[in-house]
Amino acid sequence: MLKLKKIAFVLSLIAVPFAMNATEADTTAAIMQYKDCMYLNNVAYGNINPSFIKDLPIDAFATLEVSYGAGKGDFHQIDKSGKISDLLVSVYGVRKLSDVSFEGGMTYRNGTEAERKWNATLYQSDRNPFILADSLYSDYSTEEFTLDGRFSWEPIELLRFGVNADYLVGTRSDEQDPRLETKGMRFTINPGIDFKVSKFVKIGATGGIRIFSENSKYSTVETGKTASFFVMSGMGTCMDMGGTSYQREVKGMGYFADIQIFWQRPEYGNLLNIGFEKESEKATDGGSSYQFLGGQYNNMKISACDRFSFTKGKFVHNFTLEAAMDNIKGTWFYQKNVVDPKTGSSQWVVMDQDDTKHIEKRMTGSLSYRMDVLANNGQPSWTTGVNADFVNSNIENNPNKYYQNYMNVKAGAFVKKTFQIKKSILSLSVGGDYKMNLSNSINMAATERLRDKYTYPMFDFTTANYYDAYAKLETKIPIVGKRFTSYIGAFAEASTQRYIGDLDKYANTAFNQFGGGLNYTF
Amino acid sequence: MKKFLLSILPLVALLFMGACTPGDGNDGAKVYKLTVNTSLPEAYSWDDVTSENVIARNQLTGVEFAAYKMSAGVYVVEVEPGEYNVNALFETADMNLSGQKMNVSVYNESSISISAEESLTSPLVIKEFYSAMCKTPANKNYMYDQFVEIYNNSAFTQYLDNCLLARTEIAANTKTVLWGSTPEEMKAVAVSSYVAGWVGNGKTYPIEPGQSIVVAFQAQNHTIMSDDPATEEIEVNPNTVDLSKADYEIDITEYKSTYVANPDVPNLTIVAKPGTQSVNFAVLPAFGAGLVLAKVDNIETYCDVNNEANWVAKPEGTDVNPYLMIRYKDIQDAINVVCVTETQRTCALPAQVDAGMIYTSAMYNGMGFTRKVKETVNGRVVYQDTNNSAEDFEPEAKPTPGF
Chain A
664 MLKLKKIAFV LSLIAVPFAM NATEADTTAA IMQYKDCMYL NNVAYGNINP SFIKDLPIDA
724 FATLEVSYGA GKGDFHQIDK SGKISDLLVS VYGVRKLSDV SFEGGMTYRN GTEAERKWNA
784 TLYQSDRNPF ILADSLYSDY STEEFTLDGR FSWEPIELLR FGVNADYLVG TRSDEQDPRL
844 ETKGMRFTIN PGIDFKVSKF VKIGATGGIR IFSENSKYST VETGKTASFF VMSGMGTCMD
904 MGGTSYQREV KGMGYFADIQ IFWQRPEYGN LLNIGFEKES EKATDGGSSY QFLGGQYNNM
964 KISACDRFSF TKGKFVHNFT LEAAMDNIKG TWFYQKNVVD PKTGSSQWVV MDQDDTKHIE
1024 KRMTGSLSYR MDVLANNGQP SWTTGVNADF VNSNIENNPN KYYQNYMNVK AGAFVKKTFQ
1084 IKKSILSLSV GGDYKMNLSN SINMAATERL RDKYTYPMFD FTTANYYDAY AKLETKIPIV
1144 GKRFTSYIGA FAEASTQRYI GDLDKYANTA FNQFGGGLNY TF
Chain U
56 MKKFLLSILP LVALLFMGAC TPGDGNDGAK VYKLTVNTSL PEAYSWDDVT SENVIARNQL
116 TGVEFAAYKM SAGVYVVEVE PGEYNVNALF ETADMNLSGQ KMNVSVYNES SISISAEESL
176 TSPLVIKEFY SAMCKTPANK NYMYDQFVEI YNNSAFTQYL DNCLLARTEI AANTKTVLWG
236 STPEEMKAVA VSSYVAGWVG NGKTYPIEPG QSIVVAFQAQ NHTIMSDDPA TEEIEVNPNT
296 VDLSKADYEI DITEYKSTYV ANPDVPNLTI VAKPGTQSVN FAVLPAFGAG LVLAKVDNIE
356 TYCDVNNEAN WVAKPEGTDV NPYLMIRYKD IQDAINVVCV TETQRTCALP AQVDAGMIYT
416 SAMYNGMGFT RKVKETVNGR VVYQDTNNSA EDFEPEAKPT PGF
C-alpha cells in the first residue's frame, strides 16, 4: 500500500503541471514569453538546486510542441553525420501552489544520421576516451525519450526543500553490416534545500547521483563478412577486435554536490553556485562468452557560476560568469588471455593496470552579458547580448606520451525584437558566433594505425576556425476561450556554420540547419 | 554577507588556478624495462655486426617498441604491460642473423635471452601466393582458388623432389600458442591439414633458374566455375583467377567428394594429414597462418606417421593428436600470413624463418602477394629475399599466376 502511495506521488509530480490550467493571475504576456519571463524574474532560474523553482514567476502553464529539424553539410566532426534530421515532440509545464511548486516535461525524439562512423556510443560521456567504434559508414536511426521533473516545498518561510529527477533513455541502430544497436540510459536524482539566512540572502545546497548504463552490440548478418571493431583507448590509440560481432556494456555512476549563495533585492539579484562532481564509467566487453575490460573513465569536476542581475527602469541587465575544470583520468587494464588446458575455455585475466593511460585537464569558461528592454506589459520588447567562451584542453596518452593541446575562444552576439501585434506577438532573433583557435599542438607516432584516419582529422575539426549565424522567427497567438486562454505558436529557424581556416579538406564547407515547429500553450 | 562574498570569491579563483597547474599527475605512466640479452653464433663476433634491430611487438595491440643498446648484445626496451614477441635482427657483411622469443610476459621489470642464428635463404622461393580467396558475384565466399607460385631464384637447376607445402598448425587468429617456447621445441614448427609434396627419385621434378611453377588448390578456370556444384548454372566471376593451366594441383577428392579435379593437371601427393583437415581449402585459411615450403631428405620417410621423431603432440592443452614437425633447417621459404585485424596476427614462424608478416586489407577480397624484384642478372630475374615478408612482398596485389 505504501508502495502504491509512493508511485501515485511520483506520478502526480509529473502529471500536475499538465493537468492544471493557467490561472487568471497569470498574464497573457508572461505566458506567451515564458522563457524570457522565467529567466528575468528568477536569478536562480535553471540552477541545479530544485528548491529554487519555488521562485518561478508564473503560477501555471503547460505547453505542447512538435518540431522538425534537419541539417546537411560537409563541415562536421568525422564521427558525426553530414546529414541529420530530428522529429521532436515535447510537453513542458509549471504549477505553483501555496507551498509547493512543480516543473517538468517529457520529450520524444526520432532522429536519423546518414553516413556516420567512428563512434558507437550514445550517452557515454563525451570526454570518455574508451569508446567502441567501427570505420564503416552507416545510416543510424535514434529514438530517445526524456522525462524530467522537480518540485519545491516551503514548509516554513526560512526553509525550502526540493527534489529533481531526470531520466533519459534511447536506442540507436543501423541496418547495414556490421549492424550496431546501442541502448543507453541516464538517470539523475538530487534533493535540494535552501535556507533563508537574512531578509535578502538564502544559502542553498543540493547533492545527487547520476546512474548511467549503455550496451552496444555489433552483429553481422552476411556470413563470412568480418569487420574491424576498434576498442579505443584515447587519442585514437586502439586495439582491433575484428570479427563478425562484438559487444560492450558500460556502466557508470556519478556523485555531485553544489552549494549556492542567493541574494535578492527588488532591483538586484545574484546567485553564486559552486559545484563538485565525480563520475566514473567502466566498459566490459564480450557479453556472456568472455569478459574483456575496455577501460575505466574517471572525471573529477569543479565548477563555479555567478549570475548578477539588476533592473533600472525598463532595462534589465544580466551578467553571467561560468568556469569549470575537468580532471580526467582513464585507467587501462592490461589483460592476458589464459586458456584452461583442461576445458579449453579461455578468459581474460587482469595482469596490471595503468591509471594514467589517458589524462585530460580541461578548463572551460564563459562570460556573457544580456540586456532586456521591457515593454509596458513587463516582458522584453528588445533583448540583446554578447558572450565569450573559451576552452583549454591538455591531453596526454600513455605510455607513449602522445599529447594534444589546444585553446579555443568563441565570441558571439545576438539581438531579439518582439513585436506586439494586437494581442499576438511576433519575435525575430538573429545572432552569430566567431570561433577561433588560439593555440594547438599534437604529437603521435606515424606508426599508429588510426593517426591519419581518426586522430588528426578529429583534432583538425576541434581546432577549426569558423563563424556561425542564425535567425529565428516565432509567433504566439492567444485563443481566448470561455474558461481559459490558450496560445498557439509557430516558429521557423535556420543556421549556418562555415569554415574559415586554411585546411583544404574543409575549404568552402559549411553545415546548414533549418527547423520549424508548432506549439500549443495553456 | 559582503565580507563573506569577498572572501569566498578569491578562494574559488585559487581553486581553479591550482587545478590548472600543468604537469601534475602525468608521471605515473605504466612502463616496464625488458632487458634483452642476445648472443651470436660462434662464427660471429659483435665486431662483425653492421646493423642491429631489437623490437618487441605487443601481441594484442600490434604496437612495436624499439630497444636501445646498453652494451654489446644487451638491449633494453621500455614497454607497456602485456604479452610480446621479441625479434632481434643483426646484419653482417655477408649474412643476416636473427632470433625471436615469443609469448614474453612483461608485467614487471624482466629480462630474456635470445640466441641469434643465421637467417635461412634458399634457391627456391615463393614468388607469388594467393590465399585471401574471393567473393562470387552473388557475394558469397569462394574458397577454391588459392595458389602458390614457386620460383628458382638461383643460377642453378633445382629439384622439387622431396619438397612439401604445408600450413602451420598455429593459425593467425590463435589466442594462445600451446607449443611452448623452449629452444629445443623452437627448432621446428608443427603443420596441419594437408601436407602435399613431390615424391620423386631426387631429379624427377627439375625447375630451371628463373623459372617458376604454379601449384593450384583446384586447377580450374574459376572465373567460370559454378558457384553451386549442385546446379549447372555457370556464372562469370571477375574477382578470381583462371588456374586451369596450373602446373600442379592438390587433389583432395579422396577427402572431399565435391572437389572437381582437373585430369590434365598432375597432382601433388598428399604425404601427411596432421590434425584436422580443412574441407573447403587446401592451403591457408582466409585469416592466415604460416605458409611453409620445405625440402627434406626423403619426403615419404620424413612424413611417415610412424616416424615418432617427426610427429609430436602439443606439450600443453587437451589435444593429444600428434602433428608433423617441420624443422627450421629444412625450410626453403616460409611466410607469416596474418589478418588485417590486429588481434588475428599471431605469427607462427620465428624471425629466423620470417622476420615479418604480411596481410591483405580484407578476407575474400581476391588479393594476393607478389615478391619484389631485386635485380636482373643476365636476363634472369632475381627476387628480393631478405627473410622478412613485410619487406619482400607487395601486398594487396591482383593475382597473376605465371603459367
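For the record, the sequence lines run as chains A and U.
Start counting the first sequence at 664; every next residue gets the next number (this note's numbering).
Start counting the second sequence at 56; every next residue gets the next number (this note's numbering).
Every residue gets a Cβ at the ideal spot worked out from N, C-alpha and C, and that includes glycine.
This structure is a prediction, so every number in the text was calculated from the model and none was measured.
Cβ contact annotation for Asn294(U) (same chain, cutoff 6 angstroms, sequence separation greater than five): Cys189, Lys190, Gly421, in chain order. Assigned with DSSP and collapsed to three states, Arg835(A) falls in strand. Only exposed fits Thr1110(A), as fewer than 16 other CB atoms lie within 10 angstroms of its CB.
Cβ-Cβ distances below 7 angstroms link Tyr260(U) to Tyr214, Leu215, Asp216, Trp253 in the same chain, with the five nearest sequence neighbours on each side left out; the list follows chain order.
By the neighbour-count definition (other C-beta atoms within 10 Å, threshold 16), Gln696(A) is a buried residue. For Glu355(U), the enclosing alpha helix (DSSP H) has its first and last residue at 354-358.
Using a CB distance cut-off of 8 angstroms, Ser891(A) counts as an interface residue toward chain U. Here Phe211(U) is not near Tyr185(U), since their CB atoms are 8 angstroms or more apart. About 12 angstroms separates the beta carbons of Val161(U) and Ala122(U), which is beyond the 8 angstroms limit, so they are not a contact pair.
By the CB criterion at 8 angstroms, Ala1074(A) and Gly1094(A) fall outside the cutoff. For the C-beta of Gly421(U), not a single chain A residue is nearer than 8 angstroms; the gap to the nearest is close to 13 angstroms.
At a cut-off of 8 angstroms, the C-beta of Tyr162(U) has a neighbouring C-beta in chain A. Inside the segment 1084-1171 of chain A, DSSP marks whole beta strand (DSSP E) runs of 3 or more residues at positions 1087-1106, 1129-1143, 1148-1162, from first to last along the chain.
Scanning chain A for C-beta atoms nearer than 9 angstroms to the C-beta of Lys85(U) yields Trp995, Tyr997, Asp1015, Gln1016, Asp1017, Asp1018, Thr1019, Lys1020, Asn1061, Pro1062, reported in chain order. Nearest in C-alpha terms to Gln387(U), of all of Val270(U), Glu309(U), Ser174(U), is Ser174(U).
Ile694(A): member of the alpha helix (DSSP H) spanning 691-695, first to last residue.
When Cβ-Cβ separations below 8 angstroms define contact, Lys1005(A) makes contact with chain U. Within the segment 903-921 of chain A, those residues whose Cβ lies closer than 8 angstroms to any Cβ of chain U are, in chain order, Asp903, Met904, Gly905, Gly906. Of the residues Ser247(U), Asn208(U), Pro405(U), Lys258(U), the one whose Cα lies closest to the Cα of Lys182(U) is Asn208(U). Around Phe858(A), the same chain offers Leu821, Leu822, Lys865, Ile866 as residues with beta carbons nearer than 7 angstroms, after the five sequence neighbours per side are excluded. Buried is the label assigned to Leu795(A), since at least 16 other Cβ atoms lie within 10 Å of its Cβ. From the listed residues Ala1170(A), Tyr1129(A), Gly1152(A), Thr809(A), the smallest Cα separation to Thr1184(A) is found for Gly1152(A). Residue-level contact by beta carbon holds for Thr1110(A) and chain U, with a gap shorter than 8 angstroms. Taking Asp1115(A) as the centre and dropping the five residues before and after it, the same chain places no C-beta closer than 6 angstroms to its C-beta.
Scanning the segment 329-399 of chain U from its first residue to its last, the whole beta strand (DSSP E) runs of 3-plus residues come out as 344-350, 366-368, 377-382, 386-391. Under the Cβ distance rule, Leu144(U) does not count among the residues neighbouring chain A, no pair being separated by less than 8 angstroms. Met1034(A) is bridged by DSSP to His980(A), Thr1047(A). Within the segment 149-234 of chain U, the complete beta strand (DSSP E) segments of 3 residues or longer fall at 151-161, 165-170, 179-185, 202-207, 218-226, listed in chain order.
Of the other Cβ atoms in all chains shown, fewer than 16 fall within 10 Å of the Cβ of Thr105(U); this residue is therefore exposed. In the DSSP assignment, Ser444(U) falls within the unbroken alpha helix (DSSP H) covering 444-447. Approximately 26 angstroms separates the beta-carbon atoms of Phe1053(A) and Glu944(A); this is outside 8 angstroms, ruling out the contact. Spanning the alpha carbons of Ser165(U) and Leu785(A) requires a straight line of approximately 42 angstroms.
In the DSSP assignment, Asn113(U) falls within the unbroken beta strand (DSSP E) covering 106-113. Residues Tyr249, Ala251 of the same chain have their beta carbon placed closer than 6 angstroms to that of Ile325(U), with the five preceding and five following residues left out of the count. Secondary structure in the segment 846-929 of chain A: the beta strand (DSSP E) runs of 3 residues or longer, each lying completely within the stretch, are 864-882, 893-895, 901-903, 909-927 in chain order. Of the candidates Trp926(A), Lys1086(A), Tyr1169(A), Leu1037(A), the residue whose Cα lies closest to the Cα of Phe1122(A) is Tyr1169(A).
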